[in-house]
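So the structure is just underneath, and the comments pick up after that.
There are 6 protein chains.
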Amino acid sequence: MVSERQHKMPAHIDSDGNARMVDISCKNATVREAVASCVVELGQEAFIALKEGNAPKGDVLATARIAGILAAKQVDRLIPLCHSLPLEFVGIDFELSEKERTVTVRARSCTSYKTGVEMEAMTGASIAALAIYDMLKGIEKGITISKLQLEFKSGGKSGTWRKNTP
Amino acid sequence: MVSERQHKMPAHIDSDGNARMVDISCKNATVREAVASCVVELGQEAFIALKEGNAPKGDVLATARIAGILAAKQVDRLIPLCHSLPLEFVGIDFELSEKERTVTVRARSCTSYKTGVEMEAMTGASIAALAIYDMLKGIEKGITISKLQLEFKSGGKSGTWRKNTP
Amino acid sequence: MVSERQHKMPAHIDSDGNARMVDISCKNATVREAVASCVVELGQEAFIALKEGNAPKGDVLATARIAGILAAKQVDRLIPLCHSLPLEFVGIDFELSEKERTVTVRARSCTSYKTGVEMEAMTGASIAALAIYDMLKGIEKGITISKLQLEFKSGGKSGTWRKNTP
Amino acid sequence: MVSERQHKMPAHIDSDGNARMVDISCKNATVREAVASCVVELGQEAFIALKEGNAPKGDVLATARIAGILAAKQVDRLIPLCHSLPLEFVGIDFELSEKERTVTVRARSCTSYKTGVEMEAMTGASIAALAIYDMLKGIEKGITISKLQLEFKSGGKSGTWRKNTP
Amino acid sequence: MVSERQHKMPAHIDSDGNARMVDISCKNATVREAVASCVVELGQEAFIALKEGNAPKGDVLATARIAGILAAKQVDRLIPLCHSLPLEFVGIDFELSEKERTVTVRARSCTSYKTGVEMEAMTGASIAALAIYDMLKGIEKGITISKLQLEFKSGGKSGTWRKNTP
Amino acid sequence: MVSERQHKMPAHIDSDGNARMVDISCKNATVREAVASCVVELGQEAFIALKEGNAPKGDVLATARIAGILAAKQVDRLIPLCHSLPLEFVGIDFELSEKERTVTVRARSCTSYKTGVEMEAMTGASIAALAIYDMLKGIEKGITISKLQLEFKSGGKSGTWRKNTP
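Protein chains in written order, with the numbering used here: chain A, 1 to 166; chain D, 1001 to 1166; chain X, 2001 to 2166; chain S, 3001 to 3166; chain U, 4001 to 4166; chain G, 5001 to 5166.
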């Protein structure tokens, strides 16, 4: 992929098993989108505090939403081999299940660029969930964050992908 | 605006009153520019120290200029719903009024992108003014920063806008 | 103040008018607090949107509060000559005046350290106000941020200081 | 807790349901430690690539370890209401299960300060797992990160806590 | 270059000797590449520890590679007048000379944008070398980093440039 | 060193050759200082531009000084295994040699903490030198940064160390 470049790296410093970014110079910019989600499993007391708006550190979901949006914009600093890219949208939403005492965090990210935005969606969902944990850990330290996964991606050479759901 | 996307967010996580970035995927990239300014109101002693170059922490305006430029490049980290964008220029300039004992800070920012650069200019001016405060607060804690406002913007769907001046 | 150090900087690189951090090695750690405020002057339409919770980008004050808190924790990156310090508290609060169509932003910061937290309060208030601007600029570009100033500080060698109020 | 302060915030800007940092000014500095973990569930192809060291972007675990360590040091930027604190140690370790085709990520963090380091361990484990995802997603997009949870904490007023294990 | 702009900055705030970013609005986006290198001069003991993989803080080159890649993506925050740009590739490689007891660090960066990536390559090489120093300074404090220089650049108006080698 | 901890890491995730931070929990806080330097080798044209203050991007040394100070405060983000620490002072100074056409950059850093500040001085000097390069590379791409090295350190268990000078 580097062969059309004017300057060849000497062979002896060729990478072999070493961490390396993908060179996207020759890729096409296309519209790309990704959706990721995870599930925050709360106990009864934490769920009620969240739902009734009296968590010890205040408004849980508004804070977590901002945390997730800001984190998605910092993916290039957090995930070593990710590219800096012009993120055109990132949104974080929450779905509460009273029966399961869970919050499902869902992040969607979009760009028109040469590489995908899966990590932006995954990281946005993850940090939003961690902010929920932070704001409720005074009530319950055993909160668990599970099933962080990609749900959907579109765009790029590999095209559309959708998580199989049972 | 999301309707042409392949993946619909489920209705129940539709945002309602929640913080959300504007989705700029469908906007056109145009040349965009913004100018913002604010006024740092110094007392007599601080103004003289600034003007004569013997402020307690050294060169006030050179430091404030760099602070403003760096801050404009970090707007996406500071202002939660702002987009990361390829800033093509940011400049910070200062105008001293001996009569008013003020420094007017003016920031100009430019891009060729899908969204405007008003926040880059506003934040650049604001942080430059705060750096002036920081370097002179040893002399006078009562320094006030006023009239932080947009003066001008151009580009994008809403076109050119200019602050009314009395 | 540097005289008790073992290693002297050669005289010819002594700073003269150049930007320099204050050396706080020999200062005492004391409890320090600061309060700063500014006023966001909205027009009628923007004020109503804020108050009624239908601003174009969603929940204005929750977003601005988080922006201010995060900015206060990043002062050492934003204001060149500020020290990195263990910030023990930062809070951002808002006061709406229907008559004036203003939001007063107030930030309070605390530490037990060798230098003051004025810049943390000033920067927290400033960035919170800029986030308000960002979320309402779709309605009204002429919003002005005024009277950014220190209200109060305590602790350290210079002790307690309070803004004169007319 | 604020009552011994010299400067009272006016009652009308008292927070009510709003996001707020905990004021730790009056807390004692004690030795604090936290351990958190999560499980990265790989498919067969991704597990083999990881184990045999031929993942598409190179050395997975060395990269993930650095990502986790760096993220733990940035928790105050990522989790809005967390304090900046002097992190004395953070370590990331990995345990591979060939049978389960999983990597268990474990993060340990330590400080001698006024507040705990649970979020540093949780965030370190989470970002290390996301870096593993990033380096293997070219092989398998369906990798899931599960069971992100606190295992242990010690220090502070609430003392030692240990996750119940079945 | 600013003359085609709609909004003129008033003459009296025209910069004169002051720091300023280059305005790249009118430049063309072209493929640009840069290679930079530096030499880390180790003593015997440090070189052996590096080569045999028993440095006090662990895997030196894997850590330095990640440090260099991450730093190259942060150049706009580190070098005040550099532009934020969409870096399409950055790679860090190392070449050990047993005879000289040196590590040559080489960084290559690429973009398709309006300005060059020399600083990304220079900064990537420099921070990778500093990370090597950090991981070996427990063995030998006198390690020196030398000959940090640009080797090659291509693209843009000034075209291809190559370091003269004796 | 970890033996007095309450929670043991399971043996099977014990690090072996992997990158690891030093655990400084049990170290003593002492006054620590470090001085580092490097030499920027300019050609004739670049040296004259620097000296006469007409470099293409403006005030070289004021900009480089701020860049170096800011970088020293960000060492924990840049050098993966460095600790976040309360830096009490960092200063950057420059010495011009007309005969050699060089700028010697010297950085000094101080803390009262459990670990040393060598990397803060080394990184501050390095980034200041890179900023000089950035501001003069329009004149001369072949500028070289050499002899980045520690000159002096004091404090901590290993005590005072001074570079041998020929």
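For glycine and all other residues, C-beta sits at the position ideal for the given N, C-alpha and C.
Cβ neighbours of Gln1074(D) in the same chain (closer than 6 angstroms, five flanking residues each side left out): Within the second sequence, numbered from 1, the residue matching residue 1074(D) stands at position 74. There are no such residues.
Nearest-angstrom Cβ-Cβ length linking Cys4110(U) and Asp23(A), presumed shorter than 8 angstroms: Taking the first residue of the fifth sequence as 1, we reach residue 4110(U) at position 110. Taking the first residue of the first sequence as 1, we reach residue 23(A) at position 23. That belief holds up - the Cβ atoms of Cys4110(U) and Asp23(A) are roughly 7 angstroms apart, short of 8 angstroms.
The ligand FMN heavy atom lying under 7 angstroms from the CB of Val3090(S): Judged by which ligands are present, the structure shown has none, so any question about the ligand FMN falls away.
Per-residue contacts from Ser5158(G) into chain S (C-beta, under 9 angstroms): Taking the first residue of the sixth sequence as 1, we reach residue 5158(G) at position 158. Within chain S, no residue comes near Ser5158(G); the closest Cβ sits about 18 angstroms away, beyond 9 angstroms.
Contacts around Ile5127(G), its chain only, beta-carbon distance under 7 angstroms, and the 5 residues preceding and following it disregarded: Counting from one through the sixth sequence, the residue named residue 5127(G) turns up at place 127. Excluding residues up to 5 positions away in sequence, Ala5067, Gly5068, Ala5071 lie with their Cβ nearer than 7 angstroms to the Cβ of Ile5127(G) in the same chain.
Neighbour flag for Asn2018(X) against chain G, beta carbons, 8 angstroms: Start at 1 with the first residue of the third sequence, and residue 2018(X) comes out as number 18. Yes, because at least one Cβ of chain G sits closer than 8 angstroms to the Cβ of Asn2018(X).
CB contact check: Lys4153(U) to chain D, cutoff 8 angstroms: Residue numbering aside, residue 4153(U) sits at position 153 when the fifth sequence is read from its first letter. It does not: the Cβ of Lys4153(U) has no partner Cβ on chain D nearer than 8 angstroms.
Same chain, Cβ closer than 8 angstroms to Glu5045(G), neighbours up to 5 away in sequence not counted: Locating residue 5045(G) in the sixth sequence gives position 45, counting from the first residue. Once the five neighbours on either side are set aside, the close Cβ partners of Glu5045(G) are Ile5139, Glu5140.
For Gly156(A) and Tyr113(A), the rounded distance between their alpha carbons: By one-based count along the first sequence, residue 113(A) stands at place 113. By one-based count along the first sequence, residue 156(A) stands at place 156. Using only the alpha carbons, I get a separation of about 9 angstroms.
Secondary structure of Ser126(A), DSSP reduced to three states: To locate residue 126(A), count along the first sequence from 1; it is residue 126. Helix at Ser126(A).
Min CB distance Ser1112(D) to chain U below 8 angstroms: Start at 1 with the first residue of the second sequence, and residue 1112(D) comes out as number 112. Interface residue, yes.
Any 3 or more C-beta pairs closer than 8 angstroms across the segment 33-49 of chain A and the segment 96-106 of chain A: Yes: the two stretches touch, three or more of their Cβ pairs being nearer than 8 angstroms.
The beta strand (DSSP E) enclosing Gln1149(D), as first and last residue numbers: Position 149 of the second sequence, counting from 1, holds the residue named residue 1149(D). From DSSP, the beta strand (DSSP E) with Gln1149(D) extends over 1144-1154.
Paired residues, beta bridge with Tyr113(A) - DSSP: Locating residue 113(A) in the first sequence gives position 113, counting from the first residue. For Tyr113(A), DSSP records a beta bridge to Thr30(A).
His3012(S), DSSP secondary structure in three states: Along the fourth sequence, one-based indexing puts residue 3012(S) at 12. Note that His3012(S) has pLDDT 34, beneath the 50 cutoff, so the model's placement of it is unreliable and the number below is only indicative. The answer is helix: DSSP assigns His3012(S) an H, G or I state.
Cross-chain neighbours of Val2031(X) in chain S, by beta carbon under 7 angstroms: By one-based count along the third sequence, residue 2031(X) stands at place 31. Those are Ser3025, listed as they occur along chain S.
For Val5060(G), the three-state DSSP class (helix, strand or coil): By 1-based counting over the sixth sequence, the position of residue 5060(G) is 60. In the structure shown, Val5060(G) sits in a helix (DSSP, three-state: H, G or I).
Best match in Ala2019(X), Ala2049(X), Val2060(X) for proximity to Arg2130(X) [C-alpha to C-alpha]: Looking up residue 2130(X) in the third sequence gives position 130. Residue identity check: residue 2130(X) is Leu in the sequence provided, not Arg. Measuring from the Cα of Leu2130(X), the nearest candidate turns out to be Val2060(X).
Buried versus exposed, by CB contacts within 10 Å (16 or more), Glu2052(X): Locating residue 2052(X) in the third sequence gives position 52, counting from the first residue. Glu2052(X) comes out exposed.
Unbroken alpha helix (DSSP H) run spanning Leu5050(G), endpoints: Taking the sixth sequence and counting its residues from 1, the one referred to as residue 5050(G) is at position 50. Looking at the DSSP string, the run of the alpha helix (DSSP H) that includes Leu5050(G) is 5044-5052.
Near-chain S residues of the segment 4044-4067 of chain U (beta-carbon distance less than 9 angstroms), N- to C-terminal order: Gly4058, Asp4059, Ala4062, Thr4063, Arg4065, Ile4066, Ala4067
Interface flag, Asp2134(X) vs chain D, CB-CB below 8 angstroms: Sequence index remark: in the third sequence, residue 2134(X) carries index 134 (1-based). Chain D contact via Cβ: present.
Delimiting residues of the alpha helix (DSSP H) encompassing Asp1093(D): As a working mapping, residue 1093(D) is identified with position 93 in the second sequence. It is not in any alpha helix (DSSP H) - Asp1093(D) instead sits in the beta strand (DSSP E) that spans 1087-1097.
C-beta atoms of Met2119(X) and Ile2079(X) nearer than 8 angstroms: Numbered from its first residue, the third sequence carries residue 2119(X) at position 119. Numbered from its first residue, the third sequence carries residue 2079(X) at position 79. Taking 8 angstroms as the Cβ cut-off, Met2119(X) and Ile2079(X) qualify as a contacting pair.
Three-state class that DSSP yields for Arg101(A) in the structure shown: As a first step, residue 101(A) must be located in the first sequence, where it is residue number 101. DSSP places Arg101(A) in coil when its eight states are reduced to three.
Three-state secondary structure assigned by DSSP to Arg2077(X): Here residue 2077(X) corresponds to residue number 77 of the third sequence, with the count starting at 1. Note: Arg2077(X) maps to helix in three-state DSSP.
Reduced DSSP secondary structure (H/G/I, E/B, other) of Glu140(A): Taking the first residue of the first sequence as position 1, residue 140(A) is located at position 140. Reduced to three states, the DSSP call for Glu140(A) is coil.
Closest by C-alpha distance to Glu1151(D), when choosing among Lys1137(D), Asp1134(D), Ala1125(D): Against the second sequence, residue 1151(D) aligns to sequence position 151. With distances taken between Cα atoms, Glu1151(D) lies closest to Ala1125(D).
Proximity to Val189(A) [Cα-Cα], best of Val117(A), Gly91(A), Thr115(A): One cannot answer for residue 189(A) here, as it falls past the ends of chain A, which runs 1 to 166.
Residue nearest to Leu4148(U) in terms of C-alpha spacing, selected from Thr5160(G), Tyr5133(G), Arg5162(G): Counted from its first residue, the fifth sequence places residue 4148(U) at position 148. Nearest option by C-alpha distance: Tyr5133(G).
Coil, strand or helix - Arg162(A) by DSSP: Residue numbering aside, residue 162(A) sits at position 162 when the first sequence is read from its first letter. Looking at Arg162(A) - three-state DSSP - the assignment turns out to be strand.
Candidates Asn1164(D), Phe1089(D), Asp1093(D), Lys1057(D), of which the one nearest Arg1032(D) by Cα: What you label residue 1032(D) is simply residue 32 of the second sequence in a count that begins at 1. Comparing Cα-Cα distances from Arg1032(D) to each of Asn1164(D), Phe1089(D), Asp1093(D), Lys1057(D), the minimum goes to Phe1089(D).
Chain D within 8 angstroms of Pro80(A), Cβ atoms only: In the first sequence, the residue the question calls residue 80(A) occupies position 80. Cβ-Cβ to chain D under 8 angstroms: no for Pro80(A).
Selected residue, minimal CA-CA separation from Met4122(U), among Ala4062(U), Thr4102(U), Lys4153(U): In the fifth sequence, the residue the question calls residue 4122(U) occupies position 122. The candidate whose alpha carbon is nearest that of Met4122(U) is Lys4153(U).
Nearest candidate by alpha-carbon position, reference Trp3161(S), set Val3117(S), Cys3026(S), Arg3101(S), Ser3025(S): Taking the fourth sequence and counting its residues from 1, one reaches residue 3161(S) at position 161. The shortest C-alpha separation from Trp3161(S) is found at Val3117(S).
Beta-bridge partners of Leu3025(S), as assigned by DSSP: Taking the fourth sequence and counting its residues from 1, the one referred to as residue 3025(S) is at position 25. Reading the sequence as shown, one finds Ser at residue 3025(S) and not Leu. BP columns for Ser3025(S) are empty, so no partner.
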